[in-house]
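Structure first, then comments.
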Amino acid sequence: MNLGISALRYVEEVKNGSFTIEEFISKTVEQIKKHDGKLHAYLSFDDHVIEQARNLDRKIANKEKIGSCFGMPISIKDNICVKGGKTTCASKMLENFVAPYDATVILKLKSEDVIIIGKTNLDEFAMGISTEFSAYGTSHNPWNTDYVPGGSSGGSAVSVSAFECIASLGSDTGGSVRNPASFCSVVGFKPTYGLISRYGLISYANSIEQIGPLTRTVEDTAFFLNIISGFDPNDDTTIDNKNEDYLSNIDAGVEGKKIGIIKEMVGQGTDKEVVSATNNAIKKFEELGAKIEEISLDMIDYSVASYYTITSTEAGSNLARYDNLRYGYDFPLEGYEFNSYISKARKNFGPEVTRRMILGGFVPSAGYAGKYFLKALRVKKKLTDEINEAFKKIDFLIAPTVPVLPFKIGEKIDDPVALFLLDFNTVIANLTGKPAISVPFEISNGLPIGIQLIANSMQDKPLLQAAYALQNTVKLPEVPI
Amino acid sequence: MTKIGLEIHCQLTNLESKLFCSCKANYRGFEPNANICPVCIGLPGSLPRLNKKAVEKATMIAMSLNCNTPDKLAFFRKNYFYPDLPKNFQITQLNVYGEHSIGQNGTILVDDKEIRIRRIQLEEDPGRLIYEGISEKTQITLVDYNRAGTPLVEIVTEPDFENERQVRLFLNILSDLLDNLDVSNPSLEGAMRADGNISIEGGNKVEIKNVNSFHDLEKALHFEITRQESLISRDIPIEQETRHWDDKRKITISARIKEGEEDYRYFLEGDIPWITIDSQTLNKLKADMPESISSKKERYITKQIPAQVAEVLSSDKFCSDLFELAHNESNAIVIANLITTDLMGLVDTDEKREKSKLTHQHLTDLANSIETKEITRTSAKTALQECVATGLPVSEIISTLDLGHVSDESELNKIIDEIFIQEPNTVEQAKTNPETINYLIGKVMEKTKGRADPTLTLNIINKKLS
């Protein structure tokens, strides 16, 4: 039995009777026991997965109908609420928070009979790109355990790439699905803003973030998107996608499509291995019949500054509820009034969250909003106008997902600005609400490189078709674990 | 000149659910923290979903106050820490980045003076803090989130009031208007709260907060005017400040924070998309709106109902609803009269109105009985009392209580003869002074418990006197 199979293949094999669900789940649990001590993809586990697997096997034996996921083991980033278990956001502040409800995506997946193996590690409250800011220790890249797995959905990417589950759900505020997908050589997708319900996703920067799948193949992403996308009465920002089937015609190809290279994303500051991989991907697209042109976006130099200004402002507000009255930890009240109590309570946030909370208290404040926050909103608007203009002439944009190769654990932790700048290629899709995907493309000296494609709003299906075409041009080595 | 402006908070108590979730909008009567869900207590991961009905009802209020209503509405976050605020921000509205709140620039006539409405906005009410414990040492603060998320309409006026009387008239008009729109029950505790700001000639603006009822607002304003006048008379400058109303001592106390000191870091609430209100929606709302009090009044006047009566009747939704169902073209005046002179006194509280068993049919039947002279106007009052208390049919009440008209001439003759014997002096006076005849009629009514036919009685007395 191969734990590294795709979701679609898994479904086929269970249907064929190649193995039982229980066998696959047990093997997956063994894999986790063997590797997760070192990799630390997971923060918590469901203790009843074998039971669930047996139940589903029994239903199959009795010829009862079961959901389209057939007990497939998946993992969930620990900022998405799963009823009854802990949802910590990798923060001490939510160390003991047990969600009394399921996120909409979880309800949808459960109704299709997934088995949720456990909750995965992340940078605290999804702020970071390496999982080094998790309050419960960093995750390790399975391709080389001295290296970071990317983030903030690092645990999700590790769990998929190390065969500790078949697929995972992460969240992407500025690249948090695509970045670790690129670093761990899996597919990572951020949909059009509003395509997937955020109900039950613990907000960091709610106006731009989305839940997105991390999978082994582009087809698997389409398979999960079919299940979790669409209008949700519990999230007013969701879009009715008319039950679009993202899996049908996934092999439509890219012949005659126009692909734009974002000039600013293959220049200065990009590792030469990454530039070379991007050029190779462009060549592959040309061979497949796509037309390539170079494009430039004037506002792009301001995108990271705009992104951090907006996300800090929203984070400052979204995380304000963690005042230790309802969540947090006990300490004697003696000698505190409300404000000093909150100051003390908030010391339980880690360094990156603290940094952004301080920033978020400042940039939208009276007297400074005009200089920072409102300007950032103008950049967002102009950038959106520019990218909409570009999509009148082209079908997709192409760029490396991350400008650099995976870096070593501890290498950049003391340089927050350097870490911020690594979001340069990914934040644009969040600021403009566009769908974007990272496709595993090369392994350079044992370290993965992903290629990012971006499409116009609600062009998620054509985007997956293009990503599928690119994926099929390469055969990558197996993960060395 | 004294200038007073108001900030009124009114809960939309008649809505089914809260502003962003399906918990009850009227939280009263629940055990603490029993009317809550992940959304209204701001659990991590929960999202607000806007109650469209609240937007519609608030827009109706704006239209009733002659406000401009924008094509596009937006919600903003007002960020501040307070233990009763589950998310530590309040979802509200703001007009700094364009006019996107429920309504702006309205007017309303109060005692022939035009009061301008600056803006109306829709927002969520926070929870409530309950203080327990006797001494400061043992005091604990409890939080009840049942109220959190209740739809609240904030109405801000320009500083156009000149005295407390105008404020009181305005608040009465506003309560009647909200009741008439069927959006709120202003008499529920805490359903309507008002803060004021006030400045007198030569002084700075002072805000008064923490006022829990309209009644107290009047007292607070009165206290402030007196305080400020006394300062001015002694050449002490009036500082611009916020003062809190002390409910127990009935005075205002400086809050020791300068106005505008707090920074709310307002920004757009991204979880609620912009709401478009096109002309079609607006027209539909207009069509669905209950008839306004002033229009009702005009209509009543065309039915020959006196202006004073029409005014009283139209301002009271409970009574005007009864009137609408009970009256026809011929009995309108009688029914209006029954309601305003008798019924309103019988059901002068919400509790009595709820208990009342009176239906519009009772009023129609009573008017008929008066019209056909089956009973007198005085007996009608007695019957009305019975209708309210028992809900029995009018015919049954008349026969059980023996309220039927005494129109039998011989019987009346007998009664009047008796009175003439008992009151010889009055009879003498009545011969020269017609005013005194009323006294004699009164005596007849007393004897007959109001059942005597007044016209017939008068005729007989006159005959006997001459």
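Chains A and B supply the protein sequences, listed in that same order. Position 212 of the first sequence, counting from 1, maps to 212 under my numbering, and the rest follow consecutively. Just so we're on the same page, my numbering is the position in the second sequence counted from 1, plus 1000. Every residue, glycine too, gets a C-beta built ideally from N, C-alpha and C. Only a predicted model underlies this, so the values are computations on that prediction, with no experimental measurement involved.
Its Cα nearest to that of D1084(B), the residue A1148(B) stands out among A1148(B), I1115(B), V1309(B) and T1013(B). Below the 8 Å Cβ cutoff, chain B contributes G1045, S1046 and L1047 as neighbours of Y199(A), in chain order.
Counting of Cβ neighbours within 10 angstroms places L1403(B) among the buried residues, the total reaching 16 or more. At least 7 Å separates the CB of T131(A) from every CB of chain B.
Ranking I1441(B), L1065(B), L1122(B) and D1111(B) by CA distance to the CA of T1092(B) puts L1122(B) first. By the neighbour-count criterion, in which 16 or more other beta carbons inside 10 Å mark a residue as buried, H48(A) falls on the exposed side. Using beta-carbon distances, S134(A) does not count as an interface residue toward chain B, since no partner is under 7 Å. Contact between E293(A) and K257(A) is absent: CB atoms are separated by about 11 Å, not below the 8 Å threshold.
For P1044(B), the closest of L39(A), P416(A) and M93(A) by C-alpha to C-alpha distance is M93(A).
Contact of A436(A) with chain B is not assigned, every C-beta pair being separated by 7 Å or more. Under the three-state reduction of DSSP output, D1216(B) falls in the helix class. Look at C81(A): its C-beta is under 7 Å from a C-beta on chain B. The beta carbon of F407(A) is closer than 7 Å to those of Y147 and V148 in its chain, skipping five residues each way along the sequence. By the Cβ rule, the region 76-96 of chain A counts as touching the region 118-131 of chain A, because three or more pairs are nearer than 8 Å.
For P1273(B), the chain A residues whose Cβ falls inside 9 Å of its Cβ are G194, D236 and T237, in order along the chain. Annotated three-state conformation of C1387(B) is helix, per DSSP. In terms of Cβ geometry, Y1080(B) and Y1264(B) form a close pair [threshold 7 Å].
In the three-state reduction of the DSSP assignment, V1347(B) falls in the coil class, being assigned neither a helical nor a strand state. Distance from the CA atom of A436(A) to the CA atom of N55(A), rounded to whole angstroms, is 37 Å.
Inclusion of Q1011(B) and T1138(B) in the CB contact set at 7 Å is not warranted, their separation being larger than that value.
Residues of the region 1081-1092 of chain B whose Cβ lies closer than 7 Å to any Cβ of chain A, in chain order: F1081, P1083, P1086, K1087, N1088 and F1089. Per the coordinates, the alpha-carbon of E1239(B) lies some 13 Å from the alpha-carbon of E1201(B).
For V105(A), the enclosing alpha helix (DSSP H) begins and ends at T104 to S111. The C-alpha of T1376(B) is placed about 6 Å away from the C-alpha of R1451(B). P1434(B) and L1169(B) have their C-alpha atoms some 42 Å from each other.
Taking 7 Å as the CB threshold, R1234(B) stays off the interface with chain A. Ranking A281(A), Q52(A), F133(A) and V160(A) by CA distance to the CA of K412(A) puts F133(A) first. Scanning chain B for C-beta atoms nearer than 9 Å to the C-beta of T311(A) yields nothing, as the closest lies near 11 Å away. For P364(A), the nearest beta carbon of chain B is closer than 7 Å to its own beta carbon. If you look at L463(A), you'll find it in the alpha helix (DSSP H) that goes D460 to Q471.
Restricting attention to beta strand (DSSP E) runs no shorter than 3 residues, the region 349-405 of chain A encloses them at 396-400, ordered along the chain. Using a Cβ-Cβ cut-off of 7 Å, P1126(B) does not count as an interface residue toward chain A, since no Cβ of chain A sits closer than that to its own. For the pair A222(A) and C69(A), the Cα-to-Cα distance works out to about 13 Å. Look at R9(A) here: in three-state DSSP terms it is helix.
The residue among D236(A), N206(A), L325(A) and Q452(A) with its C-alpha nearest the C-alpha of L1050(B) is D236(A).
For L1285(B), the secondary structure class from DSSP, reduced to helix, strand or coil, is helix.
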